[in-house]
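Numbering (the numbering used here), first residue to last: -17 to 446.
Report on the following structure.
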Ligand code: GLY
């Protein structure tokens, strides 16, 4: 937890934007795995954490903007609970730790909210993603659980998104702590991988690093020699010399800020010539994006720059042909690069994705594209200092997509299918770092993790 002054300041800033009504912050409860007392690893809601910092199930906070009052609703653990859990701080102590003066028991929550509704006061909340919280809001607000998100407050979403999108120094330090752990996860995977190992042996080992050095993974690790499957969550393949492996993984700091880093490395410690050629194009695209990103330009234009570098590189290898600017404009490069350049990162690995990307990543001026590839760009709008994003271009050879596009004669003007077919079985390559936009450009966060061909080969050759 940060110093209580930070939470007080965040709430004061929010109250400057939301001046009337009740602002509801449902905390997350425990999520049962197979019965109530056997739970998944607890994760507090990120908006709750941002304004109230308390990492405990069974809490609900309210900012009463009309009365300028903040209240934490929760119940102290009983002696019966303490027998199983050990001594626990009281709700009063927890509230004091984050500068909240008023507490109340959960039994008072319903009457408190219903009174406000009967007085015709506005009720604000952000979209919910846990079904138990939707049910809770159904009981409290009288809105069917399935419809709760239709009544989320757009005014609140915009206010919270504006605030959470700009990271303060203490937040950047947290993300950098997470990246330090990512360094260990990435380099250990490179050093551990060898001919004959099953992917899961390494995926499990690096998850152990995330748990022993930080607060565990920030999302399920993507660790696969089938890097052409963008979000591959199975780890059953046997690694062989000659394979390349995509390791897209991240960890939470103890204050719940995420890292999200991808490296692609050769199992044997040496890339083949063919792998090197594709790897270098991806790296050039990533470096070009990092060089281009700065305030006032759109992230979509940075994405398109990375797409152009990829298309030009593939043209130089004979996989694409024609004018690459028009090819990228029309979306032909998406055969190889079917996702976006990057997304917001913070307390969530896709920060505030539950709010809806039309509020966090797009604006009335920049709307999300419907074009294949570009439509997967999660953030398109103008950059501002303090915004933290991932930069993660990639090149993939997806057999099903290649066969489908060829059969449909899609973009035959730009794609040399005969050459592309030689790459079926190649897999995929992605390289990802996390950046913060600064006043003049951007800064790559955290310790450098090897990503040049020489750097990755050197690290992957030092087997442990
Ligand atoms: N790095 C995983 C993701 O962006 O979803």
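Heads up, the beta-carbon is just placed ideally off N, CA and C, and yes, glycines get one too.
**Prompt:** Which residues mark the beginning and the end of the beta strand (DSSP E) in which residue 220 is found?
**Reply:** Run containing residue 220: none; DSSP gives neither H nor E here.
**Asked** By the 10 Å Cβ neighbour count, where 16 or more other Cβ atoms means buried, how is residue 236 classified, buried or exposed?
**Response** exposed
**Asked** Going by C-alpha distance, which of 413, 44, 420, 446 is nearest residue 209?
**Response** Considering only 413, 44, 420, 446, the residue with the shortest C-alpha distance to residue 209 is 413.
**Prompt:** Under the DSSP definition of a beta bridge, which residues are partnered with residue 280?
**Reply:** 364
**Request:** Determine the DSSP secondary structure at residue 269, reduced to helix, strand or coil.
**Result:** helix
**Message:** Between residue 410 and residue 373, how many whole angstroms is the CB-CB distance? I'm expecting something under 8 Å.
**Reply:** Not a contact, Cβ separation roughly 17 Å.
**Prompt:** Going by DSSP, which residues form a beta bridge with residue 388?
**Reply:** None; residue 388 has no bridge partner.
**Message:** Can you confirm whether residue 204, when its beta carbon is compared against all beta carbons of chain D, has any partner nearer than 8 Å?
**Reply:** Absence of chain D from the displayed structure is noted, only one protein chain being present.
**Request:** In the DSSP assignment, find the unbroken alpha helix (DSSP H) run with residue 59 in it and report its ends.
**Result:** Counting along the chain, residue 59 falls outside any alpha helix (DSSP H), and DSSP gives it neither H nor E.
**Prompt:** Mapping DSSP to helix, strand and coil, what is residue 371?
**Reply:** strand
**Prompt:** Helix, strand or coil for residue 182 per DSSP?
**Reply:** If DSSP states are grouped into helix, strand and coil, residue 182 belongs with the helices.
**Item:** Helix, strand or coil at residue 445 according to DSSP, with G and I counted as helix
**Value:** coil
**Residue environment, residue 385, which counts as buried when at least 16 other CB atoms sit within 10 Å** = exposed
**Message:** Within 8 Å, do at least three Cβ pairs link the stretch 51 to 69 to the stretch 278 to 295?
**Reply:** With a cut-off of 8 Å, the stretch 51 to 69 and the stretch 278 to 295 do not count as touching, because too few Cβ pairs lie within range.
**Request:** Counting only the same chain and skipping the five closest in sequence on each side, list residues whose C-beta sits under 6 Å from that of residue 133.
**Result:** 125
**Asked** What's the gap between the Cα of residue 228 and the Cα of residue 427?
**Response** 21 Å
**Item:** Beta-carbon spacing of residue -11, residue 108 below 8 Å
**Value:** Against a cut-off of 8 Å, the Cβ pair of residue 108 and residue -11 comes out as no contact.
**Request:** Assign residue 47 to buried or exposed, taking buried as 16 or more other Cβ atoms, counted over all protein chains shown, within 10 Å of its Cβ.
**Result:** Buried, because 16 or more other Cβ atoms sit within 10 Å of the Cβ of residue 47.
**Prompt:** Are the stretch 158 to 178 and the stretch 432 to 443 touching, with three or more C-beta to C-beta distances below 8 Å?
**Reply:** yes
**Item:** beta-carbon residue 415 near ligand 1 non-hydrogen atom, thresh 7 Å
**Value:** Taken from the Cβ of residue 415, every heavy atom of ligand 1 lies 7 Å or farther away.
**Request:** Pick helix, strand or coil for residue 27, following the three-state DSSP scheme.
**Result:** Coil.
**Message:** Please state whether the Cβ-Cβ distance between residue 329 and residue 371 is less than 8 Å.
**Reply:** no
**Request:** Take the Cβ of residue 260 as the centre, count every other Cβ of all protein chains shown within 10 Å, and call the residue buried at 16 or more, exposed below.
**Result:** Buried, since its Cβ has 16 or more Cβ neighbours within 10 Å.
**Item:** Per DSSP, cross-strand counterpart(s) of residue 376
**Value:** 412
**Prompt:** Among 230, 155, 91, 14, which one has its Cα closest to the Cα of residue 425?
**Reply:** 155
**Prompt:** Would residue 18 be called buried (16 or more neighbouring beta carbons within 10 Å of its own) or exposed?
**Reply:** exposed
**Prompt:** CB residue 429 to CB residue 113, shorter than 8 Å?
**Reply:** no
**Prompt:** Are the beta-carbon atoms belonging to residue 122 and residue 91 less than 8 Å from one another?
**Reply:** yes
**Message:** Just to confirm, is the Cβ distance from residue 271 to residue 287 under 8 Å?
**Reply:** yes
**Request:** Whole angstroms is fine: what's the gap from residue 202's alpha carbon to residue 186's?
**Result:** 11 Å
**Near ligand 1: residue 228 beta-carbon under 7 Å from a heavy atom** = no
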